[in-house]
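Working notes for the structure below.
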Amino acid sequence: MSSLVSWQERYEHSLLPVFGTPPVLVVRGLGCHVWDSEGRRLLDMQGGIAVNALGHAHPDLVSAIAEQAATLIHDSNLVASEPQIELAEALIRITGGDPATRVFFANSGTEANEAAFKLARRNAGSSGERRRILALEHSFHGRTMGSLAMTAKEVLRRPFEPMPAGVEFIPPTVEALDAAIGPDVAAVIAEPIRGEAGVLPLPEGFLAHARRVTDAVGALLIVDEVQTGMGRTGDWFAYQDSGIIPDAMTLAKGLAGGVPIGALVTFGRASSLLQRGDHGSTFGGNALATRAAGTVIRVIERDGLIDNVRKQSAALREEIPDAFGSLGAEVRGRGLMLGVRLNRPCTADIVSAGITHGLLLNATDASTLRLVPPLVFSDDDRAELIAGLRALVAEWEENHE
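If you're matching positions, the sequence shown starts at 0 in numbering that gives the first Met the number 0 and goes up one per residue.
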């Protein structure tokens, strides 16, 4: 216990308290598991918050990173690198984009959404008539100023006001969109599944309707796939299930399997909006990060991980409700991005007990757990999860009779 107290004290005395004090110190990982400083083996259902697509220490990713680090880590964007070009080509291929599709690389999801914000501003029209950006209630697009301006949670925005102007929040309904859309709208931005809000999928048909009405008025449709992208929902990208092509898409999290990277992918006319000097990034698109991301794409394809996501998701949907017993779990989401809504506000207890029972869990609110394990999540991992949930729920029920 002394070592636990020691690292927590060191953490509190050296890092800004924006995350609070973590309950565990993770020292290594392998596959879907991590080990903490006390020697406990934990099934990682956080997945680095949907980041560790290939799990921990995947041999292909480790090898690619080591080889690239020994060759070229970084140079400026005044020169090009082969991994950067190859990754852009791979993203264009898996999005199904047309010859006009283009890619901009950043370092995170919030940076990708900052680029999308500027893209929307560039869609103002010849006389600047399009100044409004429509975002959705319960949305989360990041914590830097442009992306924060498009984030609906007022408690996150209020301390940093004034926000960049022009963003309006609407309910995710076709009726609300129809009422708000008009020729003065530059863009509509939407997450196919709002992860930070408790894994809330958009209503059926919303994206298809958004595509039609944005086309009608010349607005951009921007899809934030930072959390849903890279196979997590059972498709390469969640928007593909709706049969549309957006004007732009943002990516990050699982793209490079844990190496920081973000991307803005533009389609059709949107690819001509940002011109030389309009945007940039010192580290965005560096050789190391893009080599890692290219490796993630190759492994997902080679090992059939999107099929695995669909298989494991279907099984989890069947098994999770029974595992939660009297807590009455409602499962929502898609693929390996699942929200588990409980019938009482006890997720803090469940997350804490999870560590004792070998599970690293995450809660988005007092009643909702978010399960976003690596895409390599296996049958054995699933059995371990269900057994651990049964044990910790039984313990919780016994303590709360």
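Idealized CB from N, CA, C, for every residue including glycine. Just so you know, these numbers come straight off a predicted model, no measurement behind them.
(request) Kindly give me the distance between the Cβ atoms of Thr-232 and Ile-192, rounded to whole angstroms, as I take these residues to be in contact under 8 Å. (result) Rounded, the Cβ-Cβ distance is 7 Å, consistent with contact.
(request) Identify which residue in Ser-146, Met-144, Ala-151 has its Cα closest to the Cα of Glu-136. (result) Among Ser-146, Met-144, Ala-151, the Cα nearest to that of Glu-136 belongs to Ala-151.
(message) Just to check my reading of the structure: Leu-42 and Gly-256 have Cβ atoms closer than 8 Å, yes? What is that Cβ distance to the nearest angstrom?
(response) The C-beta distance from Leu-42 to Gly-256 rounds to 18 Å, too long to fall under 8 Å, and the pair is not in contact.
(message) Below 8 Å, how does it come out for the stretch 25-42 and the stretch 271-291: are there three or more Cβ pairs, yes or no?
(response) The stretch 25-42 vs the stretch 271-291: no contact.
(request) Put Asp-277 into one of helix, strand or coil per three-state DSSP. (result) The three-state reading of DSSP puts Asp-277 in coil, since its state is none of H, G, I, E or B.
(request) Along the beta strand (DSSP E) that carries Arg-120, what are the first and last residues, could you check? (result) Unbroken run through Arg-120 is the alpha helix (DSSP H), 108-120; no beta strand (DSSP E).
(request) Please look up how many angstroms separate the CB atoms of Ser-241 and Ala-207, rounded, as I've assumed it's under 8 Å. (result) About 5 Å; that satisfies the 8 Å criterion.
(request) Take Ala-291 and list the residues in its own chain whose beta-carbon comes closer than 7 Å to its own, dropping the five residues that flank it on each side. (result) Leu-60, Ala-63, Ile-64, Ala-255, Gly-256, Val-258, listed in sequence order.
(message) Please classify Thr-281 as buried or exposed, where buried requires at least 16 other C-beta atoms within 10 Å of its C-beta.
(response) Under this definition Thr-281 is an exposed residue.
(request) Determine, using beta-carbon pairs with one atom in the stretch 99-106 and one in the stretch 119-128, whether at least three such pairs fall under 8 Å. (result) By the Cβ rule, the stretch 99-106 does not count as touching the stretch 119-128, because fewer than three pairs are nearer than 8 Å.
(request) With a 10 Å radius around its C-beta and 16 neighbouring C-beta atoms as the bar for buried, classify Pro-372 as buried or exposed. (result) So Pro-372 ends up on the buried side.
(message) In this structure, how does DSSP classify Asp-97 when only helix, strand and coil are distinguished?
(response) Correct three-state label for Asp-97: coil.
(message) Whole angstroms are fine: how far does the CA of Glu-397 sit from the CA of Ser-146?
(response) Rounded to the nearest angstrom, the two C-alpha atoms are 44 Å apart.
(request) Could you say if the stretch 321-340 and the stretch 360-372 meet the contact criterion of at least three C-beta pairs nearer than 8 Å? (result) By the C-beta criterion, the stretch 321-340 is judged to be in contact with the stretch 360-372, since at least 3 inter-stretch pairs fall below 8 Å.
(message) So if DSSP puts Gly-28 in a beta bridge, which residue, or which two residues, is it bridged to?
(response) In DSSP, Gly-28 forms a bridge with Val-33.
(request) Pick helix, strand or coil for Gly-233, following the three-state DSSP scheme. (result) Here Gly-233 sits in coil by DSSP.
(request) Drop a sphere of 10 angstroms on the beta-carbon of Gln-274, count the other beta-carbons inside from all chains shown, and report buried for 16 or more, exposed for fewer. (result) Answer is exposed; the Cβ neighbour count stays below 16.
(message) Nearest by alpha-carbon distance to Pro-22: which of Arg-333, Leu-359, Asp-364 is it?
(response) Pro-22 has its Cα closest to that of Leu-359, out of Arg-333, Leu-359, Asp-364.
(request) Would you tell me roughly how many angstroms separate the C-alpha atoms of Val-17 and Ala-215, rounded to the nearest one? (result) Going from the Cα of Val-17 to the Cα of Ala-215 covers about 43 Å.
(request) Check Asp-183 in the structure and name its three-state DSSP category. (result) Coil, per DSSP.
(request) Please classify Thr-70: does DSSP put it in a helix, a strand, or coil? (result) When DSSP states are grouped into helix, strand and coil, Thr-70 belongs to the coil group.
(message) Tell me which residues share the same chain as Phe-116 and place their Cβ nearer than 6 Å to its Cβ, disregarding the 5 neighbours each side in the sequence.
(response) Excluding residues within five positions, the ones whose Cβ falls inside 6 Å are Gly-145.
(message) Please list the terminal residues of the continuous beta strand (DSSP E) segment that includes Ile-132.
(response) Its beta strand (DSSP E) spans residues 131-135.
(message) Quick check: is any heavy atom of the ligand SAH less than 7 Å from the C-beta of Gln-45?
(response) The ligand SAH is not part of this structure, which contains no ligands at all.
(request) For the beta strand (DSSP E) containing Val-264, list its first residue and its last residue. (result) Note, Val-264: beta strand (DSSP E), 261-265.
(request) Would you identify the three-state DSSP class for Met-0, choosing helix, strand or coil? (result) Low local confidence applies: a pLDDT of 45 at Met-0 is under 50, so the model's placement there is unreliable, and no value is given.
(request) On the DSSP bridge assignment, give the partners of Ala-247 in chain order. (result) For Ala-247, DSSP records a beta bridge to Ile-221, Thr-265.
(message) Across the stretch 218-232 and the stretch 243-252, are there enough close Cβ pairs to call them in contact, namely three or more that are closer than 8 Å?
(response) Contact holds between the stretch 218-232 and the stretch 243-252, because three or more Cβ pairs, one in each stretch, are under 8 Å apart.
(message) So Gly-179 and Leu-118 are supposed to be a Cβ contact under 8 Å. How far apart are they, rounded?
(response) The amino acid at residue 179 is misidentified as Gly; the sequence shows Ala. 20 Å between Cβ atoms; not a contact.
(request) Output yes or no for whether 8 Å exceeds the beta carbon distance between His-356 and Gly-327. (result) For His-356 and Gly-327, no; Cβs fall outside 8 Å.
(request) Give me the Cα-Cα distance between Met-149 and Arg-297, rounded to the nearest whole angstrom. (result) Each residue's Cα considered, the two are about 33 Å apart.
(message) Based on DSSP bridge pairs, tell me the residues matched to Thr-367.
(response) Looking at the DSSP output, Thr-367 sits in a beta bridge with Arg-340, Asp-364.
(request) Report the option in Gly-197, Glu-203, Thr-213, Ala-196 whose CA atom is closest to the CA atom of Gly-181. (result) Gly-181 has its Cα closest to that of Thr-213, out of Gly-197, Glu-203, Thr-213, Ala-196.
(message) Just to confirm the assignment, what range does the alpha helix (DSSP H) spanning Glu-396 have?
(response) Counted as a single uninterrupted DSSP element, the alpha helix (DSSP H) harbouring Glu-396 occupies residues 378-398.
(message) Distance check for Arg-142 and Ser-408, CA to CA, integer angstroms please.
(response) This structure gives no information on residue 408, because the portion of the chain shown stretches from 0 to 400.
(request) Flag this pair as yes or no: are the beta carbons of Leu-335 and Val-295 separated by less than 8 Å? (result) With contacts defined by Cβ atoms closer than 8 Å, Leu-335 and Val-295 do not form a contacting pair.
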